[in-house]
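Visitor:
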Amino acid sequence: MKIGTPKEVMKGEARVAMTPDSARQLQKLGYDCIIESGAGDAAGYNDDTYKEAGVEIAKTAAALWKAADVIAKVRPPTEAEIKKSREGQLLISFFWPAQNEDLMKQAAEKGASVIAMDMVPRISRAQKMDALSSMANIAGYRAVIEAGNNFGRFFTGQITAAGKVPPAKVLVVGAGVAGLAAIGTSTSLGAITYAFDVRPEVAEQVESMGAEFVFLDFDEEQQDGSASGGYASVSSPEFTAAQLAKFRELAPDMDIVITTALIPNREAPELWTKDMVEAMKPGSVIIDLAAEKGGNCKLTVMDEKIVTDNGVTIIGYTDFPSRMATQSSNLYATNIRHMMTDLTPEKDGKVVHNMDDDVIRGATITHEKQVTFPPPPPKVAAIAAKPKEKVKELTPEEKRANEIAAFKAQTRQQVTLLAVGAALVLGVGLIAPASFMQHFIVFVLSVFIGFQVIWNVAHSLHTPLMAVTNAISSIIILGALIQIGSSSLLITLLAALGIFMASINIFGGFLVTRRMLAMFQKS
Amino acid sequence: MEFGFTIAAYAVAAVLFILSLGGLSGQESAKRAVWYGIVGMAIAIVGTLIGPGQGLFVVSLVLIALGAAVGYQLATRVQMTQMPELVAIMHSLVGLAAVFVGFNADIMINNVAEIYETSGLVLGAVGEDGYTAIGLPKETYDGLSSFGQLIAKKSGVEIGILRVELVLGIWIGAVTFTGSVIAYGKLAGKVNSAAQKLPGGHMLNAGAAALSLLLAIMYMTGSGSWTLVLLTLLALFIGYHLIMGIGGADMPVVVSMLNSYSGWAAAAIGFSLGNDLLIVVGALVGSSGAILSYIMCKAMNRSFISVILGGFGGAAGEQMAVEGEQVPIDADGVANALDEADTIIIIPGYGMAVAQAQQNVAELTRRLRAKGKSVRFAIHPVAGRLPGHMNVLLAEAKVPYDIVLEMDEINDDFPNTDVAIVIGSNDIVNPAAQDDPNSPIAGMPVLECWKAKQVFVSKRGQGTGYSGIENPLFFKDNTRMFYGDAKKSLEDLLTRIS
Numbered sequence: 003m004k005i006g007t008p009k010e011v012m013k014g015e016a017r018v019a020m021t022p023d024s025a026r027q028l029q030k031l032g033y034d035c036i037i038e039s040g041a042g043d044a045a046g047y048n049d050d051t052y053k054e055a056g057v058e059i060a061k062t063a064a065a066l067w068k069a070a071d072v073i074a075k076v077r078p079p080t081e082a083e084i085k086k087s088r089e090g091q092l093l094i095s096f097f098w099p100a101q102n103e104d105l106m107k108q109a110a111e112k113g114a115s116v117i118a119m120d121m122v123p124r125i126s127r128a129q130k131m132d133a134l135s136s137m138a139n140i141a142g143y144r145a146v147i148e149a150g151n152n153f154g155r156f157f158t159g160q161i162t163a164a165g166k167v168p169p170a171k172v173l174v175v176g177a178g179v180a181g182l183a184a185i186g187t188s189t190s191l192g193a194i195t196y197a198f199d200v201r202p203e204v205a206e207q208v209e210s211m212g213a214e215f216v217f218l219d220f221d222e223e224q225q226d227g228s229a230s231g232g233y234a235s236v237s238s239p240e241f242t243a244a245q246l247a248k249f250r251e252l253a254p255d256m257d258i259v260i261t262t263a264l265i266p267n268r269e270a271p272e273l274w275t276k277d278m279v280e281a282m283k284p285g286s287v288i289i290d291l292a293a294e295k296g297g298n299c300k301l302t303v304m305d306e307k308i309v310t311d312n313g314v315t316i317i318g319y320t321d322f323p324s325r326m327a328t329q330s331s332n333l334y335a336t337n338i339r340h341m342m343t344d345l346t347p348e349k350d351g352k353v354v355h356n357m358d359d360d361v362i363r364g365a366t367i368t369h370e371k372q373v374t375f376p377p378p379p380p381k382v383a384a385i386a387a388k389p390k391e392k393v394k395e396l397t398p399e400e401k402r403a404n405e406i407a408a409f410k411a412q413t414r415q416q417v418t419l420l421a422v423g424a425a426l427v428l429g430v431g432l433i434a435p436a437s438f439m440q441h442f443i444v445f446v447l448s449v450f451i452g453f454q455v456i457w458n459v460a461h462s463l464h465t466p467l468m469a470v471t472n473a474i475s476s477i478i479i480l481g482a483l484i485q486i487g488s489s490s491l492l493i494t495l496l497a498a499l500g501i502f503m504a505s506i507n508i509f510g511g512f513l514v515t516r517r518m519l520a521m522f523q524k525s
Numbered sequence: 023m024e025f026g027f028t029i030a031a032y033a034v035a036a037v038l039f040i041l042s043l044g045g046l047s048g049q050e051s052a053k054r055a056v057w058y059g060i061v062g063m064a065i066a067i068v069g070t071l072i073g074p075g076q077g078l079f080v081v082s083l084v085l086i087a088l089g090a091a092v093g094y095q096l097a098t099r100v101q102m103t104q105m106p107e108l109v110a111i112m113h114s115l116v117g118l119a120a121v122f123v124g125f126n127a128d129i130m131i132n133n134v135a136e137i138y139e140t141s142g143l144v145l146g147a148v149g150e151d152g153y154t155a156i157g158l159p160k161e162t163y164d165g166l167s168s169f170g171q172l173i174a175k176k177s178g179v180e181i182g183i184l185r186v187e188l189v190l191g192i193w194i195g196a197v198t199f200t201g202s203v204i205a206y207g208k209l210a211g212k213v214n215s216a217a218q219k220l221p222g223g224h225m226l227n228a229g230a231a232a233l234s235l236l237l238a239i240m241y242m243t244g245s246g247s248w249t250l251v252l253l254t255l256l257a258l259f260i261g262y263h264l265i266m267g268i269g270g271a272d273m274p275v276v277v278s279m280l281n282s283y284s285g286w287a288a289a290a291i292g293f294s295l296g297n298d299l300l301i302v303v304g305a306l307v308g309s310s311g312a313i314l315s316y317i318m319c320k321a322m323n324r325s326f327i328s329v330i331l332g333g334f335g336g337a338a339g340e341q342m343a344v345e346g347e348q349v350p351i352d353a354d355g356v357a358n359a360l361d362e363a364d365t366i367i368i369i370p371g372y373g374m375a376v377a378q379a380q381q382n383v384a385e386l387t388r389r390l391r392a393k394g395k396s397v398r399f400a401i402h403p404v405a406g407r408l409p410g411h412m413n414v415l416l417a418e419a420k421v422p423y424d425i426v427l428e429m430d431e432i433n434d435d436f437p438n439t440d441v442a443i444v445i446g447s448n449d450i451v452n453p454a455a456q457d458d459p460n461s462p463i464a465g466m467p468v469l470e471c472w473k474a475k476q477v478f479v480s481k482r483g484q485g486t487g488y489s490g491i492e493n494p495l496f497f498k499d500n501t502r503m504f505y506g507d508a509k510k511s512l513e514d515l516l517t518r519i520s
């Protein structure tokens, strides 16, 4: 089968859904590749590089749509493009089916199957084709670069001969993929970065990127974002109020604000109000990554850069990924290629549209003339973090009481042991003669010393300990040495054997211990 | 030489032995400590050799030299993985020596009694004060060896106690002897390591022990030496049967228990010979072994009794069923994950020793550390077949000991660890010990490696561990099974990590 990529029709769109690299990989899956002439120009790939990769070049879009069995593109198809599609053709692109219902119905009528890259479910297995994440990553990075471009100062604080430069303060609202990418870029440029998200469980991720998480003084049980597939959902009015109050407090200090808050299938929530913009210093920059969905700041104008009366720049571009077309084309093409790999289980260049597969089912919005949107909820829930069990914090009094109880128990135990031990020793002393008791004292003291000493032996040295005790337990050789001088031959013989065996043990034991200990080395 | 000098030598030796054990508290001081032990032993032997009553000076030295040659061979040839076997077989020698010395004492008592009879006296008869023994005539007394003199001086009660002690010494020594031989066989793979019992099981042991007691009483009341021989045979049987009934997984406890026994045997013999140094050392070794056994039992959350009686206790109810599947991974996958990881913890077990993989583990550690990754080892107290076995193996492969940590030190660090690698261990990383109250190992402290972001398990196949318990760790989402012989798998892995 043939996979084709047309030139993007939308004005200003520089990305392309197939790169020479991805084409080579697709050919390994058994597909032929075709691309419309000039489709990759804006992303830095001209027709010649495609030819080198063995990709056929179609002169016109019409020719391409006719030749290809699978169409891979970036932006949702236009009505005109849908008209070019035919029954049995597979179309892979971003689609936003919730907003483009008419288009979807049209595609279904035409009989083309559509896989919407924005509908790929968020499960571990599908991460490799999660184009939203790969584009969001780029958007987050680019947002910081764009902010820097419009911001008149350094990011990093410097003390130079020409004076002191304070570091820029950056606030990132929404720590999703784009937010985290923005945090990473901003901290590595040296700015002091703060981040906020309605999902408290991302605080750890934020801190791991080097930013400071902004906590709210808010007690309500905050909902767990992972339950909704890793996306944020709508918050309660009280929570929103607390959140806005916090932002209002932060606004005068912030030099750059990057808002990325989106809730799936809804208008973007307003998080940065007009009065906050007015409170900001002149020269500050706001990047609103939610501009396409109405913006987190209501002053944002989609696709435009505006400067407010108090000198705050608000950027509402929606084409950040397209502004880094080579990078984003590479990632997007790889996402498409992974999707094709899943669609081609036999690697024989034939698409198997398996509607039982969670990922493929989830992303497919029209199939066999039917609209299959919205998909059933995914079987596998996103990795929901287990709520932490709270360990009850003990008050100092309770701690103290516990300690005293433990100490008392210990004392009781020791006293009992001592009493029993003493009783036993005394009992022995009652019946045994004095000559025995002399040795018995030595024995009891030795056992006592042994217990005191051995508890301190390091765990790692238990094997050498055994070898050493083994060697010194051959002290029994003394008994044999005393007996060997006897007049009885039998005694001499047994004693001789005893000496022999014990000395094997003495030498063997000590030597092997030395060998072992010599091996322990410090790094 | 005077007797006093020997006693003084013993005092010095005893102090040196105590220092030698105490020095094992740290790796560096241990190197010094072992010399204390050697010097102590030398002083003790020399002190005895030149002490009173020693005959056959040359023969003794020759025998010691012969023993030294054999011991040297053993110590230099042994592989570090064979340490458990070596320790076990050495215990058997101590046990046997104790039996011999004990018998000698009995023979000597009989001899002295005969001499008394020929002199028309009775051994152990007391004088008018009811306390001091009536000795032999001076010329007969001087003709005895020093050990003979010691016995000849004793009163009846003292002879009785002497007999109790030598019976104890012989009995413990004999149990230690066969027990150690069987433990050696099990560890060396020459005897099936599964728990085996003759029909009758514990009753047989109990019967033999009861019979031993009966024989001991008969011996005390003067039934003659044949009771002692019979008692020894029974003790040999108990040693054999006791250890045969203990499974391979409990070997660390068994070996330290035998270590303890050999000490108690020496102490008992020390009593009968009236030799304080034997008592001191025997008590030290005995308590050391007892503590080790205690630590091992605690690490497995089992009572000492249940280990001795053999086999794991019956499960209290239905064990939790394990769901999911074991997902295998190849060397490439592991190499990639290691490449991305910053913190790595390796958990070695007996499987590493069996596969002789410690050198490869060490090489892997060196390479990963060279890349600036943090690599540490987590050692469970009962990993391997001997207390501290893993530490010795890793030390042999030149893994620095300061990155080898024990369970309590490292268990809290797993949640912050990128990759945990389990090499040839099973029960010590079994989450069922914490999650499943019905599991036979419930409550046993385990290494919580499943809290790491990713776990790789190097394992020969999909089998259960020594205890035969299914391990839910292998079925967890973040666990990948790296099948194959540990040594080969790691070699494979090393070719992919430069």
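Protein chains in written order, with our numbering: chain A, 3 to 525; chain B, 23 to 520.
Ideal placement from N, C-alpha and C gives every residue a C-beta, glycine not left out.
List the whole-angstrom C-beta distance separating residue 295 of chain A from residue 269 of chain A, where the pair is believed to meet the contact cut-off of C-beta under 8 Å.
Guide: If you number the first sequence from 1, residue 295 of chain A lands on position 293. If you number the first sequence from 1, residue 269 of chain A lands on position 267. About 6 Å separates the two Cβ atoms, so the contact holds.
Visitor: Between residue 529 of chain B and chain A, is the shortest Cβ-Cβ distance under 8 Å, so that the two count as touching?
Guide: For chain B, the structure presents residues 23 to 520; residue 529 of chain B sits outside this window and is missing.
Visitor: May I have the straight-line CA-CA distance separating residue 66 of chain B from residue 27 of chain B, to the nearest angstrom?
Guide: Numbered from its first residue, the second sequence carries residue 66 of chain B at position 44. Numbered from its first residue, the second sequence carries residue 27 of chain B at position 5. Answer to the nearest angstrom: the Cα atoms are 11 Å apart.
Visitor: Is residue 193 of chain B helix, strand or coil by DSSP?
Guide: On the second sequence, position 171 is the one that residue 193 of chain B refers to. Correct three-state label for residue 193 of chain B: helix.
Visitor: Using a 10 Å radius around the Cβ and a threshold of 16 neighbouring Cβ atoms, would you call residue 335 of chain B buried or exposed?
Guide: In the second sequence, the residue the question calls residue 335 of chain B occupies position 313. Residue confidence for residue 335 of chain B is low, a pLDDT of 42 falling below 50, so the modelled location carries little weight and cannot support an answer.
Visitor: For residue 398 of chain B, write down the residues that DSSP places opposite it in a beta bridge.
Guide: For the purposes of this step, residue 398 of chain B is taken as residue 376 along the second sequence, with counting starting at 1. Beta-bridge pairing links residue 398 of chain B to B:367.
Visitor: Given this structure, state the Cα-to-Cα distance separating residue 451 of chain B from residue 473 of chain B, to the nearest angstrom.
Guide: Looking up residue 451 of chain B in the second sequence gives position 429. Looking up residue 473 of chain B in the second sequence gives position 451. Their backbone Cα atoms lie some 11 Å apart in a straight line.
Visitor: Which same chain residues, not among the five before or five after residue 339 of chain B, have their C-beta less than 7 Å away from its C-beta?
Guide: Position 317 of the second sequence, counted from the first residue, corresponds to residue 339 of chain B. Below a pLDDT of 50, predicted positions are generally treated as unreliable, and residue 339 of chain B, at 47, falls in that range; the measurement from the model is reported next regardless. Correct list, in chain order: 460.
Visitor: Under 8 Å between C-beta atoms, does residue 355 of chain B make it to chain A?
Guide: Taking the first residue of the second sequence as 1, we reach residue 355 of chain B at position 333. No - not a single Cβ of chain A is within 8 Å of the one on residue 355 of chain B.
Visitor: Under 8 Å, Cβ to Cβ, is there at least one residue of chain B near residue 522 of chain A?
Guide: By one-based count along the first sequence, residue 522 of chain A stands at place 520. Yes - at least one Cβ of chain B is within 8 Å of the one on residue 522 of chain A.
Visitor: State yes or no: is the beta carbon of residue 439 of chain A nearer than 8 Å to at least one beta carbon in chain B?
Guide: Mapped onto the first sequence, residue 439 of chain A falls at position 437. Answer no: the Cβ-Cβ gap between residue 439 of chain A and chain B never drops below 8 Å.
Visitor: Which residue spans inside the segment 347 to 391 of chain B form an unbroken alpha helix (DSSP H) run of at least 4?
Guide: Listed in chain order, the complete alpha helix (DSSP H) runs (minimum 4 residues) inside the segment 347 to 391 of chain B are 353 to 362 and 372 to 377.
Visitor: Which one of B:173, B:251, B:134 and B:100 has the shortest CA to CA distance from residue 295 of chain B?
Guide: Taking the second sequence and counting its residues from 1, one reaches residue 295 of chain B at position 273. Closest option to residue 295 of chain B, Cα to Cα, is B:173.
Visitor: Taking the straight line between their C-alpha atoms, what separation do you get for residue 303 of chain B and residue 404 of chain A?
Guide: Taking the first residue of the second sequence as position 1, residue 303 of chain B is located at position 281. Taking the first residue of the first sequence as position 1, residue 404 of chain A is located at position 402. Near 40 Å, if we compare the C-alpha coordinates of residue 404 of chain A and residue 303 of chain B.
Visitor: Could you name the residues of chain A that residue 418 of chain B contacts, counting a contact when the two beta carbons are closer than 7 Å?
Guide: Locating residue 418 of chain B in the second sequence gives position 396, where the first residue counts as 1. Neighbours of residue 418 of chain B on chain A, chain order: 521.
Visitor: What number of angstroms, rounded off, separates the C-alpha of residue 31 of chain B from the C-alpha of residue 283 of chain B?
Guide: Walking along the second sequence from the start, residue 31 of chain B turns up at place 9. Walking along the second sequence from the start, residue 283 of chain B turns up at place 261. Their Cα atoms are separated by approximately 26 Å.
Visitor: State yes or no: is the beta carbon of residue 53 of chain B nearer than 8 Å to at least one beta carbon in chain A?
Guide: The count along the second sequence starts at 1 and reaches residue 53 of chain B at position 31. Cβ-Cβ to chain A under 8 Å: yes for residue 53 of chain B.
Visitor: What does the Cβ neighbour count give for residue 492 of chain B, buried or exposed, with the cut at 16 atoms within 10 Å?
Guide: As a first step, residue 492 of chain B must be located in the second sequence, where it is residue number 470. Buried, by the Cβ-count rule.
Visitor: For residue 335 of chain A and residue 21 of chain A, I'd like the C-alpha separation in whole angstroms.
Guide: The residue you call residue 335 of chain A lines up with position 333 of the first sequence. The residue you call residue 21 of chain A lines up with position 19 of the first sequence. Going by the C-alpha atoms only, they are around 6 Å apart.
Visitor: Does the beta-carbon of residue 330 of chain A have 16 or more other beta-carbons within 10 angstroms, so that it is buried, or is it exposed?
Guide: Here residue 330 of chain A is taken as the residue at index 328 of the first sequence, counted from 1. With 16 or more Cβ atoms within 10 Å of its Cβ, residue 330 of chain A is classed as buried.
Visitor: Which chain A residues sit within Cβ distance under 7 Å of residue 309 of chain B?
Guide: Indexing the second sequence from 1 puts residue 309 of chain B at position 287. Simply 449, 452, 453 and 456.
Visitor: Does any C-beta atom of chain B lie closer than 8 Å to the C-beta of residue 124 of chain A?
Guide: Stepping through the first sequence from its first residue, residue 124 of chain A is reached at position 122. No, residue 124 of chain A does not count as interfacial toward chain B.
Visitor: Compare the C-beta of residue 284 of chain B with all C-beta atoms of chain A and state if any pair is closer than 8 Å.
Guide: Sequence index remark: in the second sequence, residue 284 of chain B carries index 262 (1-based). Closer than 8 Å: yes.
Visitor: I want to see whether chain B comes within less than 8 Å of residue 424 of chain A, judged by CB atoms only; does it?
Guide: Residue mapping note: residue 424 of chain A aligns to position 422 of the first sequence, counting from 1. Chain B, which has no Cβ nearer than 8 Å to the Cβ of residue 424 of chain A, makes this no.
Visitor: For residue 480 of chain A, go through chain B and note every residue whose CB falls closer than 7 Å to its CB, in chain order.
Guide: Here residue 480 of chain A refers to the residue found at position 478 when the first sequence is read from its first residue. Ordered by position in chain B, the residues that pass the 7 Å Cβ test against residue 480 of chain A are 66, 70, 297, 299 and 300.
Visitor: Is DSSP giving residue 65 of chain B helix, strand or coil here?
Guide: Here residue 65 of chain B corresponds to residue number 43 of the second sequence, with the count starting at 1. Three-state result, residue 65 of chain B: helix.
Visitor: Indicate whether the contact test is met: 3 or more Cβ pairs, each with one atom in the segment 33 to 45 of chain B and one in the segment 118 to 129 of chain B, closer than 8 Å.
Guide: With a cut-off of 8 Å, the segment 118 to 129 of chain B and the segment 33 to 45 of chain B do not count as touching, because too few Cβ pairs lie within range.
Visitor: Using the Cα positions of residue 401 of chain A and residue 415 of chain A, report the straight-line distance between them to the nearest angstrom.
Guide: Reading the first sequence from its first residue, position 399 is the one you call residue 401 of chain A. Reading the first sequence from its first residue, position 413 is the one you call residue 415 of chain A. Whole-angstrom Cα-Cα distance: 21 Å.
Visitor: Using the beta-carbon of each residue, which ones in chain A are nearer than 8 Å to residue 224 of chain B?
Guide: For this step, residue 224 of chain B is matched to residue 202 along the second sequence. Chain A residues near residue 224 of chain B: none, gap ~27 Å exceeds 8 Å.
Visitor: Quickly, what does DSSP pair residue 196 of chain A with across the bridge? List them, please.
Guide: Along the first sequence, one-based indexing puts residue 196 of chain A at 194. Answer by DSSP bridge pairing, in chain order: A:173 and A:214.
Visitor: What residues in the segment 80 to 95 of chain B have a beta carbon less than 9 Å from any beta carbon of chain A?
Guide: Taking 9 Å as the Cβ-Cβ cut-off against chain A, the residues of the segment 80 to 95 of chain B that qualify are 81, 82, 85, 86, 87, 88, 89, 90, 91, 92, 93, 94 and 95.
Visitor: Are residue 233 of chain B and residue 256 of chain B close, meaning C-beta to C-beta below 8 Å?
Guide: For the purposes of this step, residue 233 of chain B is taken as residue 211 along the second sequence, with counting starting at 1. For the purposes of this step, residue 256 of chain B is taken as residue 234 along the second sequence, with counting starting at 1. Going by C-beta atoms, residue 233 of chain B is nearer than 8 Å to residue 256 of chain B.
Visitor: Once DSSP output is grouped into helix, strand and coil, what is the label at residue 466 of chain B?
Guide: Along the second sequence, read from residue 1 onward, the residue named residue 466 of chain B stands at position 444. Residue 466 of chain B: coil per DSSP, three-state reduction.
Visitor: Counting only C-beta atoms, is residue 333 of chain B closer than 8 Å to chain A at any point?
Guide: Walking along the second sequence from the start, residue 333 of chain B turns up at place 311. Low confidence applies to residue 333 of chain B: its pLDDT is 47, below 50, so where it sits in the model is not reliable, and the reading given next is rough at best. Cβ-Cβ to chain A under 8 Å: no for residue 333 of chain B.
Visitor: Using three-state DSSP, classify residue 86 of chain A as helix, strand or coil.
Guide: Your numbering for residue 86 of chain A matches position 84 in the first sequence. Note: residue 86 of chain A maps to helix in three-state DSSP.
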